[in-house]
Amino acid sequence: MESRNSEAIKIIKENTDSLMPDSRILLFGSGARNENTEDSDYDFLIITKNTIETQEKRNYKSILRKILAKHKIPADILIQSEDEVQKKKRITGHIISSILTEGIYL
1 MESRNSEAIK IIKENTDSLM PDSRILLFGS GARNENTEDS DYDFLIITKN TIETQEKRNY
61 KSILRKILAK HKIPADILIQ SEDEVQKKKR ITGHIISSIL TEGIYL
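Quick note on numbering: the sequence shown equals residues 1 to 106 in the UniProt record's numbering.
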């Protein structure tokens, strides 16, 4: 499982750096808790410096998921700006709060 984790992290980092320079990536969910299995997907939050329009976020997520899928790595990807994260982390029960608590920066 360790090599699959390393491969997924390497692929997401390289391609995110190329598509969205200056962004930060968090791994969250079972992968961050070391509870993932062969059937688990990877959960990533990409935090961008600047706000990105919804359609552009969809395009980036689609590109990244297709790249990961070529390596048979299923993934859920969230993209939020630093401003969006700051606003949402204050909302009780919001997933962003949980991600920031349990997530691992890559």
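We put the CB at the ideal spot given by N, CA and C, even for glycine. Note that the coordinates shown come from a computational prediction; the quantities given were computed from them, not determined experimentally.
If you drop the 5 nearest sequence neighbours on each side, which residues of the same chain put their C-beta closer than 7 Å to that of Ile77?
For the purposes of this step, residue 77 is taken as the residue at position 77 of the sequence shown. So the list reads Phe44, Ile46, Lys61, Leu64 and Arg65, once near-sequence residues are dropped.
Taking only runs of the alpha helix (DSSP H) that begin and end inside the region 26-102, which ones reach a length of at least 4 residues, in chain order?
You should have 54-70, 82-88 and 95-102.
Just checking my contact of Tyr105 with Arg24 at CB under 8 Å: how many whole Å lie between their CB atoms?
Reading the sequence shown from its first residue, position 105 is the one you call residue 105. Reading the sequence shown from its first residue, position 24 is the one you call residue 24. Indeed, because the Cβ distance is near 6 Å, the residues count as touching under 8 Å.
Would a C-beta distance cut-off of 7 Å place Gly103 and Phe28 closer than the cut-off?
For the purposes of this step, residue 103 is identified with residue 103 of the sequence shown, where counting begins at 1. For the purposes of this step, residue 28 is identified with residue 28 of the sequence shown, where counting begins at 1. The answer is yes: Cβ separation under 7 Å.
Sorted by chain position, which residues of the same chain lie with C-beta nearer than 7 Å to Val85's C-beta, five sequence neighbours on each side aside?
Translated into positions along the sequence shown, residue 85 becomes position 85. Taken in chain order, the residues that qualify are Ile47 and Ile96.
Spatial neighbours of Lys13 within its chain, please: CB distance less than 6 Å, with the 5 preceding and 5 following residues excluded, ordered by chain position.
As a working note, residue 13 is residue 13 in the sequence shown. Once the five neighbours on either side are set aside, the close Cβ partners of Lys13 are Leu106.
Of the choices Ala32, Lys88, Glu56 and Asp39, whose alpha-carbon is the least far from that of Pro74?
As a working note, residue 74 is residue 74 in the sequence shown. Nearest option by C-alpha distance: Asp39.
In whole angstroms, what is the alpha-carbon distance linking Lys70 and Gly31?
Within the sequence shown, residue 70 is the residue found at index 70, counting from 1. Within the sequence shown, residue 31 is the residue found at index 31, counting from 1. Answer to the nearest angstrom: the Cα atoms are 19 Å apart.
Are there 16 or more other CB atoms within 10 angstroms of the CB of Gln80, so buried, or fewer, so exposed?
Within the sequence shown, residue 80 is the residue found at index 80, counting from 1. Looking at its Cβ environment, which holds 16 or more other Cβ atoms inside 10 Å, Gln80 is buried.
Residues bridged to Ile104 by DSSP?
Taking the sequence shown and counting its residues from 1, the one referred to as residue 104 is at position 104. BP columns for Ile104 point to Leu27.
One question on the structure: do Ile52 and Asn15 come within less than 7 Å of each other, judged by their Cβ atoms?
Here residue 52 refers to the residue found at position 52 of the sequence shown. Here residue 15 refers to the residue found at position 15 of the sequence shown. No. Outside cutoff.
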